[in-house]
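Take the numbering used here: the last position of the sequence shown gets the number 474, and nothing is skipped along the way.
Before any comments, here is the structure.
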Amino acid sequence: MATAEELKKQLGYEKKSFFETADDAEKEAALRYAEGYRDFIDCAKTERESVDWTVKAAEREGYRPYRWGDKLVAGGRYYLNNRGKSLYLFRVGTESPENGIRIIASHIDSPRLDLKPVPLYEESGMAFLKTHYYGGIRKYQWTAIPLALHGAVVLRNGETVRVRIGESEDDPVFYINDLLPHLAAEQDQKPLGKAISGESLNLLSGSAPVEKGTESDEIKLNLLRLLNERCGIKEDDFLSAELCAVPAFKARDVGLDRWLLAAYGHDDHVCAYPSLTALFAAGDGKRSLCCILADKEETGSNGNTGMQSRILADLIDEIAAATGTDANLIRANSECLSADVAAAYDPNFPEVYEKKNAALLSRGVAVCKYTGARGKSGTNDASAEFTAKIRSLLDREGVNWQLAELGKIDAGGGGTVAKFISVHNIDTIDIGVPVLSMHAPYEVISKADLYSAHRALSAFFRD
Ligand code: MN
Ligand code: MN
């Protein structure tokens, strides 16, 4: 008879640490891989910057711009730049696309503070820019930290002015005031979610008047003057602008062993980046591949740059038309990894996790069969069959991975783009890197899990 230890090995399931399974060469490769990601995350804080960065990288890999109606050929590499805010990179394989397209979808928008259309005002010796938060932020986390202003202003004549203030060391930053503890007695009694209101998230942006300050709004005018000098914009140009305040932090290693990485916007750049390296590593091949970098995930995937738009379906229609194949058949045989971050188990808040089914740090990329809330509502629940297919692929390739859900039942919930892809009759499952302090201005991931994500997504594109 087998011993207990043997039975455990033969029949049991246990999550394994990357450090237990990886050899020295793989550990070294993981640390090296994270350096490429560091460059991406520091350059690409908004969806527009992520698209710009990716287009440059894709062109180096032989990808060419595709415009609706362009001719597509087997073996071609293309990218559809959707309004500078979302991107569809695809390789048309040499075999019939009716065998299915392998799709990896992640998102490149992250929670932040957008400027209001009429943002600028002066009060008590200070100029401020009013913001309207974007995505699920915990408002108290955004006060008293350095913020940078990123985005685009489109002028009346259609010309676009790109803005990036506060990223270089000698650049000024923006700031949101918070209350001093000495006077916070009443605020301290409020629930955390109510202590800081959305309307108080105003960016401190200046304090010196244009002259002596004896006329009204001279500080505001001075700020307008400086903005005009630097970016060539006027106050009414804010009306047609997408400017956002994002943390001015650069990515930094956390911990003396340097295996953790803190940065703004890991959600979901930490999945977007490995999807790109997986695509580029795939080179040429028989199968058609598609890498989607979506916008608007953090606000519900709406609009024509979000995953609820028809663009993916339209693109598949175009591929079908170009290759003389059946679009419905392509969709039916396609498969998608919805690459989005998972919540890493945090021992400081054990009450919201169910540890057996939580994503554990350094235990590999997390596969989530379902997300959602209140009894699996609002989720793509991947079938057991598709889950088994992915499971066997990852095991075959020796990828360090774990199965996980978001947190304790009814503790909250969340969603991804998965359900907006599976609705097209495409088998879809969630997979992603576990993140600590998700949606905070500075989030933390493990470089081990990042590398596992790269290996998992590469296996999916190579298979
Ligand atoms: Mn996400
Ligand atoms: Mn998110």
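We treat Cβ as the ideally placed atom computed from N, Cα and C, and that holds for glycine.
Keep in mind it's a predicted model, so treat the numbers as computed, not measured.
Beta-carbon spacing of residue i, residue j below 7 Å
| i | j | result |
| --- | --- | --- |
| Thr-398 | Thr-427 | no |
| Tyr-132 | Phe-139 | yes |
| Gly-256 | Leu-190 | Correcting the residue type first, residue 256 is Ala in the shown sequence and not Gly. Against a cut-off of 7 Å, the Cβ pair of Leu-190 and Ala-256 comes out as no contact. |
| Asp-279 | His-118 | yes |
| Ser-121 | Gly-276 | yes |
| Ser-299 | Val-434 | no |
| Ile-112 | Ser-345 | yes |
| Val-164 | Ala-252 | yes |
| Leu-166 | Ala-333 | no |
| Ile-207 | Tyr-151 | yes |
| Ala-116 | Pro-285 | no |
| Ser-363 | Lys-419 | Looking at the sequence itself, residue 363 is Val, so the reference to Ser does not match. Cβ atoms of Val-363 and Lys-419: closer than 7 Å. |
| Ile-303 | Tyr-99 | yes |
| Lys-391 | Thr-439 | Looking at the sequence shown, residue 391 is not Lys but Asn. Yes. Within cutoff. |
| Cys-379 | Asp-441 | yes |
| Gly-443 | Asn-411 | no |
| Lys-96 | Thr-316 | yes |
C-alpha distance - residue i paired with residue j, whole-angstrom precision
| i | j | result |
| --- | --- | --- |
| Gly-294 | Gly-86 | 10 Å |
| Arg-78 | Asn-339 | 22 Å |
| Leu-372 | Asp-460 | 7 Å |
| Ile-456 | Ala-41 | 13 Å |
| Tyr-24 | Tyr-89 | 42 Å |
| Asp-351 | Ile-327 | 22 Å |
| Tyr-44 | Ala-292 | 13 Å |
| Glu-170 | Arg-407 | 51 Å |
| Asn-436 | Ser-312 | 18 Å |
| Asp-509 | Leu-271 | The question about residue 509 has no answer, for the chain in this structure spans 12 to 474. |
| Pro-361 | Ser-448 | 13 Å |
| Arg-241 | Asp-182 | 12 Å |
| Gly-424 | Lys-430 | 15 Å |
| Glu-134 | Ile-156 | 21 Å |
| Tyr-462 | Lys-38 | 9 Å |
| Arg-123 | Phe-29 | 32 Å |
| Glu-229 | Ser-216 | 13 Å |
| Trp-153 | Leu-212 | 8 Å |
| Gly-80 | Ala-324 | 15 Å |
| Lys-223 | Pro-358 | 55 Å |
| Val-62 | Tyr-74 | 13 Å |
| Ala-480 | Lys-19 | For the chain, the structure presents residues 12 to 474; residue 480 sits outside this window and is missing. |
| Glu-70 | Leu-160 | 28 Å |
| Tyr-453 | Ala-355 | 15 Å |
| Asp-421 | Gln-198 | 28 Å |
| Phe-185 | Gly-177 | 7 Å |
Chain C contact for residue i (CB, 7 Å cutoff)
| i | result |
| --- | --- |
| Asp-351 | Absent from the structure: chain C. Only one protein chain is present. |
Residue(s) in a DSSP beta bridge with residue i
| i | result |
| --- | --- |
| Lys-141 | Asn-213 |
| Glu-133 | Ala-138 |
| Gly-425 | Gly-383 |
| Glu-454 | Ala-274 |
| Ala-116 | Ile-303, Ser-349 |
| Glu-39 | DSSP, once it has assigned bridges, lists no residue as partnering Glu-39. |
| Leu-124 | Tyr-144, Ala-256 |
| Val-376 | Trp-412 |
| Gly-311 | BP columns for Gly-311 are empty, so no partner. |
| Ile-244 | Note: Ile-244 sits in no beta bridge, so no partner. |
| Asn-93 | Ser-97 |
| Val-174 | Gly-162 |
| Ala-355 | Ala-370 |
| Gln-388 | The question names Gln, but residue 388 in the sequence shown is Ser. Bridge partners of Ser-388: Ala-384. |
| Asp-264 | Leu-272 |
| Gly-443 | Ala-377 |
For residue i, the three-state DSSP class (helix, strand or coil)
| i | result |
| --- | --- |
| His-280 | helix |
| Gly-162 | strand |
| Tyr-462 | helix |
| Leu-190 | coil |
| Phe-471 | helix |
| Arg-484 | Because the chain spans 12 through 474 in this model, residue 484 falls outside it and cannot be assessed. |
| Gly-47 | helix |
| Thr-65 | helix |
| Asn-436 | coil |
| Phe-397 | helix |
| Asp-295 | coil |
| Phe-185 | strand |
| Ile-420 | coil |
| Pro-76 | strand |
| Arg-102 | strand |
| Arg-167 | coil |
| Arg-236 | helix |
| Arg-321 | coil |
| Arg-88 | strand |
Heavy atom of ligand 4 within 6 Å of residue i beta-carbon
| i | result |
| --- | --- |
| Asp-337 | As far as ligands go, the structure on display features ligand 1 and ligand 2 and does not contain ligand 4. |
When you get a sec, list the residues whose CB is within less than 6 Å of any heavy atom of ligand 2, chain order please. Sorted by position in the chain, Asp-278, Glu-309, His-450 make up the residues whose C-beta lies under 6 Å from a heavy atom of ligand 2.
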